[in-house]
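Numbering (the working numbering), first residue to last: 17 to 312. Ideal placement from N, C-alpha and C gives every residue a C-beta, glycine not left out. Predicted model only: the values in this text are computed from it and were never measured. One structure is given below, encoded as structure tokens.
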């Protein structure tokens, strides 16, 4: 069947689990689904649309992994005020996700959009994003920029943008994500620079910029990241220098600069990074000498 029969009444349905279904749609029109808490339609590869979800006020977990024909989500999802987990991993036809509904999705904590290779637009309203903790956009190869509205996700702790090969820049509002602890930009090969506002994300502990081959320099505000413990810059083949403010990253323990083939020198201030335990400079073919401040 392409959809449920017209006689189907989901009024008392609590969980809908239909992995690998052959449905193109669930049902016609609007159904009373106020008791529905879990909906799993993962791997439903010919599912093209979701029904009107206006009555889904208790929906907690929506799993749409590998629904590769799904192009968009209904705006009525905004009524799912208790939604905590939204999994869209591998929805390769999804072009945009606009969480700007009039009714706020105030409890949303985890969004997985990894491997959504057609995604070009993602935006949030303030109330939609206020409790968001984790956002995974890895392998979104068509995403050229992150919406300025990311700054509304003030509770966000983990942002994964690895392998977003078309991403050119981050918005200045990234500095408003004041609770960010882990930022992964690994293999963002088109990324040219980081905004100076990154220094406002002072709770950041791990920053992975490895294989960002177009990145030329880092902002001096990097030194404001006093809680940064790990900085990965391996294979940043266009990186020419490190900012002298690196000395202010007093909790930095691991700095990987391997295969930074354009790096000519290290700032003398690096010796003041008092917590540094591991410094990887392998295959830095143009590095002539090390600063005396390292005590080597």
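Among the options, nearest to residue i - alpha-carbon criterion
i           : options            : result
residue 224 : 249, 238, 243      : 249
residue 75  : 62, 60, 92         : 92
residue 61  : 47, 87, 73         : 87
residue 220 : 195, 204, 203, 231 : 195
residue 52  : 27, 222, 208       : 27
residue 115 : 232, 89, 98        : 89
residue 167 : 191, 157, 263, 173 : 191
residue 210 : 222, 237, 29, 193  : 237
residue 36  : 173, 83, 17, 65    : 83
residue 133 : 307, 240, 259, 178 : 178
residue 109 : 146, 63, 284, 22   : 63
residue 162 : 185, 305, 141      : 185
residue 157 : 124, 123, 147, 111 : 111
residue 306 : 298, 281, 292      : 281
residue 39  : 31, 65, 244        : 65
residue 54  : 71, 29, 45         : 29
residue 226 : 72, 308, 243, 276  : 276
residue 292 : 308, 298, 244, 304 : 244
residue 216 : 203, 201, 189      : 189
residue 288 : 304, 308, 123, 21  : 308
The ligand NAP heavy atom lying under 7 angstroms from the CB of residue i
i           : result
residue 296 : In terms of ligand content, the structure shown is empty, and the ligand NAP therefore cannot be addressed.
Cross-strand partners of residue i (DSSP beta bridge)
i           : result
residue 200 : 176, 224
residue 150 : 126, 174
residue 139 : 114
residue 61  : DSSP, once it has assigned bridges, lists no residue as partnering residue 61.
residue 54  : 31, 77
residue 68  : 46
residue 101 : 77, 126
residue 295 : 271
residue 161 : 185
residue 246 : 222, 270
Expected contact under 8 angstroms - CB spacing of residue i and residue j to nearest Å
i           : j           : result
residue 214 : residue 235 : 6 angstroms
residue 290 : residue 310 : Contact doesn't hold; Cβ gap of about 12 angstroms is too wide.
residue 69  : residue 95  : 6 angstroms
residue 182 : residue 206 : 6 angstroms
residue 193 : residue 218 : Contact doesn't hold; Cβ gap of about 11 angstroms is too wide.
residue 198 : residue 222 : 5 angstroms
residue 149 : residue 126 : 6 angstroms
residue 300 : residue 268 : Wrong, their Cβ atoms sit about 18 angstroms apart, outside the cutoff.
Spatial neighbours of residue i in its chain, beta-carbon cut-off 6 angstroms, leaving aside the 5 residues before and after
i           : result
residue 152 : 128, 130, 176
residue 271 : 247, 295
residue 67  : 42, 43
residue 33  : 56
residue 47  : 26
residue 113 : 138
residue 264 : 239
residue 77  : 54, 101
residue 212 : 235, 237
residue 155 : 130, 131, 179
Test: residue i CB closer than 8 angstroms to a CB of chain B
i           : result
residue 176 : No chain B is present in this structure, which holds just one protein chain.
Own chain, CB closer than 7 angstroms to residue i, minus 5 neighbours either side, in chain order
i           : result
residue 80  : 57, 58, 86, 103, 104, 107
residue 159 : 135, 136, 153, 180, 182, 183
residue 278 : 253, 254, 255, 256, 302
residue 261 : 236, 238, 239
residue 172 : 148, 149, 151, 193, 195, 196
residue 31  : 53, 54
Spatial neighbours of residue i in its chain, beta-carbon cut-off 8 angstroms, leaving aside the 5 residues before and after
i           : result
residue 229 : 205, 251, 252, 253, 254
residue 6   : Examination of residue 6 is not possible in this model, given that the chain is present from 17 through 312 alone.
residue 242 : 218, 264, 265, 266, 267
residue 73  : 50, 95, 96, 97, 98
residue 123 : 97, 98, 99, 100, 147
residue 19  : 39, 40, 41, 42, 43, 44
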